[in-house]
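**Student:** Reading the sequence shown from the start, the letters are residues -9 to 213 in our numbering. We put the beta carbon where it would ideally sit given N, CA and C, even for glycine. Remember, it's a predicted structure, so these values are computed and weren't measured experimentally.
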Amino acid sequence: MKRLFGFLMCLGGCVMAVAQVFPQFNNKSFDEWTYSRADVELNSYNILHNKITLFTTQAGNTYTLTSPAFSCEAVDTLTLTTTWVTEYWNESYFKPDRVALTVALLNEQGVTVDSVTCAVTTPTKTNILTMKLDRQSGWPSHGQLRLAAWKADVQSNGAVREVVLEVSTRGDVNQDGTVSIADVTALVNALLDEKEDAVFDVNNDGTVSIADITALVNIVLNM
Ligand SMILES: [Ca+2]
Ligand SMILES: [Ca+2]
């Protein structure tokens, strides 16, 4: 156990500042996001004026919005609440059966490993869409989220105004909302006190053991 504490002291010195940040998108927070349409700049004005539209051109170019990379190491669920504005929803050419938003989780190579589609059953100008991804085997250690409009062409497009990402995480042992070295300390104390609460079972194998500390240290180091 002495060696373990020595290791933790060293780890604490290395990662004191760890606090995981997850990407959010709005007219004040978009710097690390990328919009695949070259002729429309991603800026506050264009976001507020519904210019960040998602659709597919006749030539087959699909315009998407992609988040910055973030650590998925400790993530159990990703919940996106997206404000999606369909300006032409009341026009005769608007095709309701094409109105759906897809969010994909991409791995480090940019390959889709998971996705969810939310259809708008009753289109209005401003749609609030909530989509949830539950952790599956094959999720990457670092990923990006990519938003695209299902089947939408230019006349049935929608504009992304805001994306709020809520995340539930594994390893938040002290339940302060983030995973950090403080959780490792809390887990060591729990192990010394022989506590068996489920929150300490980081590797989800049904017991609280030294293996949970290893799992938690890996989460912290990979953030
Ligand atoms: Ca914590
Ligand atoms: Ca365990």
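If you reduce the DSSP assignment to three classes, tell me which class ILE203 lands in.
**Tutor:** Looking at ILE203 - three-state DSSP - the assignment turns out to be helix.
**Student:** Classify PHE190 as helix, strand or coil using the three-state DSSP reduction.
**Tutor:** Residue state, collapsed to three classes: helix.
**Student:** Could you pull the start and end residues of the alpha helix (DSSP H) that ILE171 belongs to?
**Tutor:** Per DSSP, ILE171 belongs to the alpha helix (DSSP H) from 171 to 182.
**Student:** Near ligand 2, which residues have their beta-carbon closer than 7 Å to a heavy atom?
**Tutor:** The answer, residue by residue, is ASP191, VAL192, ASN193, ASN194, ASP195, GLY196, THR197, VAL198, SER199, ALA201 and ASP202.
**Student:** Measuring CA to CA, which of THR175, GLY161 and ASP166 is closest to ALA188?
**Tutor:** Out of THR175, GLY161 and ASP166, GLY161 has the C-alpha closest to the C-alpha of ALA188.
**Student:** Using only the heavy atoms of ligand 1, determine whether one of them is closer than 7 Å to the beta carbon of THR107.
**Tutor:** For ligand 1, not one heavy atom lies less than 7 Å from the Cβ of THR107.
**Student:** Any idea if ASN170 is buried or exposed, counting beta-carbon neighbours within 10 angstroms, 16 or more meaning buried?
**Tutor:** The residue you asked about is not Asn; residue 170 is Ser in the sequence shown. By the neighbour-count rule (16 or more Cβ atoms within 10 Å), SER170 is buried.
**Student:** Extract the residue ranges of the beta strand (DSSP E) inside the segment 66 to 121, only unbroken runs of 3 or more that lie entirely within it.
**Tutor:** Counting only runs of 3 or more, we get 90 to 96 and 102 to 109.
**Student:** Could you check if THR168 belongs to the surroundings of ligand 1, using beta carbon to heavy atom distance under 7 Å?
**Tutor:** Within the cutoff, so yes.
**Student:** Can you list, in chain order, the residues of its chain with a C-beta nearer than 7 Å to that of SER26? Leave out the 5 residues immediately preceding and following it.
**Tutor:** Cβ neighbours of SER26 beyond the five flanking positions: TYR53 and THR54.
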